[in-house]
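Participant: In the order they appear, the protein sequences are chains F and E. Take the position in the first sequence, starting the count at 1, then add 304; the result is the number in my numbering. Take the position in the second sequence, starting the count at 1, then add 1311; the result is the number in my numbering. For glycine and all other residues, C-beta sits at the position ideal for the given N, C-alpha and C. Everything numeric in this text was worked out from a predicted model, so none of it was measured. Just dropping this structure here.
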Amino acid sequence: MRIAVFVKQVPDPSGAGRLDPATNLLVREGVEVVLDPGDAYGIEAALQLAEASQGEVVVISMGGERALEVVRKAMAMGAGSGLHVFDQRLGGSDALATARVLAAAVSRVAPDLVVAGTESTDGYTGTVPAAVAELLGWPSLTFAKHLELSGGTVRVQRQTPAGHDLVEADLPAVVTVTGGINEPRYPTLKGIMGAKSRPLEQLSIEDLGLDAAGLSPQQRVVAVAPAPQRQAGRVVEDDGSAARLIADYLAELKVI
Amino acid sequence: MGLCFDLTDEQEAIRQTCGEFADQVVAPRAAEFDRNQEFPYSVVAQMGELGLFGLPYPTAVGGAGADFVSYLLALEEISRADAALGITLEAGVSLGIAPIFHFGSEQQRERYLPELCSGRGLWAFGLTEPEAGSDAAGTATKAVREGGEYVIDGTKSFITNAGTEISRGVTITAVTGNSGGRPQISAIMVEKGTPGYRQAPPYRKLGWHASDTRELSFDSCRVPIANLVGREGGGFGQFLKVLEGGRIAIAALSVGVAQACLDASLGYSQRRRQFGRTLSRFQATQMKLADMATQIELSRLMVWRAGLLVDQGQPAGRFAAMAKLQASETATWCANQAVQIHGGAGFMEDLPVARYYRDVKINEIGEGTSEIQRLVIASHLLGFKGSVSSLLEGPGTA
């Protein structure tokens, strides 16, 4: 069983992000960068599946030169090898171009399963994993809060507002996992020391057999506006009818 | 290559991982463990899984295979969150494992190191006695050979990590004979549970409340001759070597506490307002913050310098003494400044600076007092090569 896991290096979400006024894109140079916190769940899920099946985990990341750090971090957590797509021409890629690159990387790795976080903490499109599945012609299973493999199928509990759906698909497939699916482990210090001796490929657009011309961004962020201020809540004075008012309010929201 | 202050990728990753672990796992519970005077078994177990106890030892003996500088970086990060856990780690790695790793027989290494490097077991080191502290030559504990055994009698004071549920034993120094009128000191391993081995209840301490510190006594305690570490009479040289690494480690621990004092002071001084402005807008505060940062940076550089010498296999005694002296006195000074910046709130146990203030003083005492560090440094300057006893008593012109 070979499991590929997508990881991304993002500006530290606990810091104040800055936008480049010319492109409306997040500034990625000269800021603290970290492994996307959502990706830690994907790495942990992949490691658990691999450990249960004596399989291996391959880390895949597209990103700048420093993104190598997050590939190494995932390898220090236990992944056996890594693939880092690093090409200056990919700076500022949109979701579709990213998906094309990642799909090509997946084809090269030829895993039985791809695991990814639900969405990245910086771009938040949440479309890349599904787009990769579409490009590969594989099933896409999203929002998994539980994940298991049996034989040639993957079965997930897909989180919904009401609870979860049970979804099953044949392998190979792409699965995105939610935060809370597991408790991600820390990289072990022995793992950090051993990560350098494990295989890590660094590939360019051409190495993946792609054409740079087909990867230029097709979407542009035309404007960015601050989120509206949250409105003050409704205050209910309890004169004995509060319970009914609250119930009516919840019914109005279709919560009950 | 000449001077370079860049950490390697591995060192940086180890520092980052230990920093996250310290912030997320250790820091949130440090006050609770301190208040309850409770040895934090669950956190120590997690530290073991992370690989901290075997960090600077080769994978062949169960370690992580990192260098000594990496261990110092880890120690600074853990101690920044909790100095009591810092000393538990330091005593485990530098005092418990180091003598066995450096001087133990193949059998001793195979028997003990894998468990100790995993953090599932702790080993202690017993040097100090009621009548022998800085003057280690005054050791009164005796180990007399009888047949295939040593019979040990004596008392050891202030021993870290000997009395926990995961403590496995202690390496003690004891007089095994005389050589030219001088006591011959040897290092001998005693497993916990050996008849005649007794541990007192934990001391009541000013700080380091979550670490285990006890007096141990040995009453006709018999251990096999094979428990001797290295050669008979080699104990003095061994513990000088052990303390060389230990002093750098205590210096790293001190830098961690000092950094915690600065971080807390930076945060508080930018929140607390008096006279219509934050404390950070007063020059009186700014001078303190700047001096703290400068002394901490200086201390950290000295820790790295001494650690690098160890990694290069060079004698580090003088630099170890300097690093410990500088870093421990800096940490005490920083804790004092931090409490002052916090004012009345700094005297209350609701904020961590009160704990830093209580925890920090011991760094100027343990593993060689500041006075002993100065004597060690002076002995190097005056041609006595680090030997305090030669400096004080030996022939020479000093």
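#1: Does DSSP classify N1538(E) as helix, strand or coil?
#2: In or out: I364(F) buried (at least 16 other Cβ within 10 Å) or exposed?
#3: Around the Cβ of G386(F), are there at least 16 other Cβ atoms within 10 angstroms (buried) or fewer (exposed)?
#4: Can you tell which of G1397(E), A1375(E), D1378(E) has the C-alpha that lies nearest to the C-alpha of V1257(E)?
#5: So, is the C-beta of L1662(E) closer than 7 Å to a C-beta in chain F?
#6: Return helix, strand or coil for L1564(E), following the three-state DSSP convention.
#7: Would you mind working out which of M381(F), G359(F), Y553(F), S508(F) sits nearest E487(F), comparing C-alpha positions?
#8: Assign I560(F) to buried or exposed, taking buried as 16 or more other Cβ atoms, counted over all protein chains shown, within 10 Å of its Cβ.
#9: Strictly under 7 Å for the Cβ-Cβ distance: is V1337(E) near chain F by that measure?
#10: Does DSSP classify K1467(E) as helix, strand or coil?
#11: When you compare each of F1316(E), E1543(E), W1644(E), L1363(E) to V1568(E) by their alpha carbons, which one comes out closest?
#12: Can you tell me the Cα-Cα spacing of L504(F) and H388(F), whole angstroms?
#13: Hey, is E1401(E)'s beta-carbon within less than 7 Å of any beta-carbon in chain F?
#14: Return the residue from the list A1642(E), A1627(E), E1457(E) that minimises the CA-CA distance to D1574(E).
#15: Check the Cβ-Cβ distances between T457(F) and every residue of chain E, and say whether any is below 7 Å.
#16: Helix, strand or coil for R1515(E) per DSSP?
#17: Which of helix, strand or coil does DSSP assign to Q506(F)?
#18: Could you tell me which of A1485(E), Y1368(E), L1554(E), Y1579(E) sits nearest to L1539(E), measuring between CA atoms?
#19: Could you check which residue in V405(F), G430(F), A448(F) has the C-alpha nearest to that of V458(F)?
#20: What would DSSP say about P1663(E), mapped onto helix, strand or coil?
#21: For G319(F), collect the residues of the same chain with a Cβ closer than 6 Å to its Cβ; drop the 5 residues on either side in sequence, then sort them by chain order.
#22: Helix, strand or coil: how does DSSP classify K449(F) here?
#23: Return the first residue and the last residue of the alpha helix (DSSP H) that F1412(E) is part of.
#24: Look up M1500(E) in the DSSP assignment and give the residues it is bridged to.
#25: Between I1470(E) and A1448(E), is the Cβ-Cβ spacing less than 7 Å?
#26: In whole angstroms, what is the alpha-carbon distance linking Q1495(E) and G1545(E)?
#27: Of all the alpha helix (DSSP H) runs that stay within the bounds of the stretch 330-374 of chain F, which reach a length of 4 or more residues?
#28: In three-state DSSP terms, what is R322(F)?
#29: Under 7 Å, do G1518(E) and R1685(E) count as touching if we go by C-beta distance?
#30: Am I right that G359(F) and L353(F) are in contact with their C-beta atoms under 8 Å? What's the rounded C-beta distance?
#31: Kindly identify the DSSP beta-bridge partner or partners of K1453(E).
#32: Applying the criterion that 16 or more other CB atoms from any shown protein chain within 10 Å of the CB defines a buried residue, is Y1423(E) buried or exposed?
#33: Excluding the 5 residues flanking D316(F) on each side, which residues of the same chain have their C-beta closer than 6 Å to its C-beta?
#34: Between the Cα of G1628(E) and the Cα atoms of G1491(E), F1695(E), S1416(E), which residue gives the shortest distance?
#35: Looking at chain E, is there any beta carbon in it that lies within less than 7 Å of the beta carbon of Y553(F)?
#36: Is P491(F) close to chain E? Criterion is C-beta to C-beta, closer than 7 Å.
Facilitator: Looking at the atomic coordinates:
#1: helix
#2: buried
#3: buried
#4: The structure shown does not extend to residue 1257(E), since chain E is modelled only from 1312 to 1709, so the question has no answer here.
#5: no
#6: helix
#7: M381(F)
#8: exposed
#9: no
#10: strand
#11: W1644(E)
#12: 7 Å
#13: no
#14: A1642(E)
#15: no
#16: coil
#17: strand
#18: A1485(E)
#19: A448(F)
#20: coil
#21: E336
#22: strand
#23: 1409-1414
#24: T1482(E)
#25: no
#26: 8 Å
#27: 341-357
#28: coil
#29: no
#30: 7 Å
#31: D1464(E), V1486(E)
#32: buried
#33: E336, V338
#34: F1695(E)
#35: no
#36: yes
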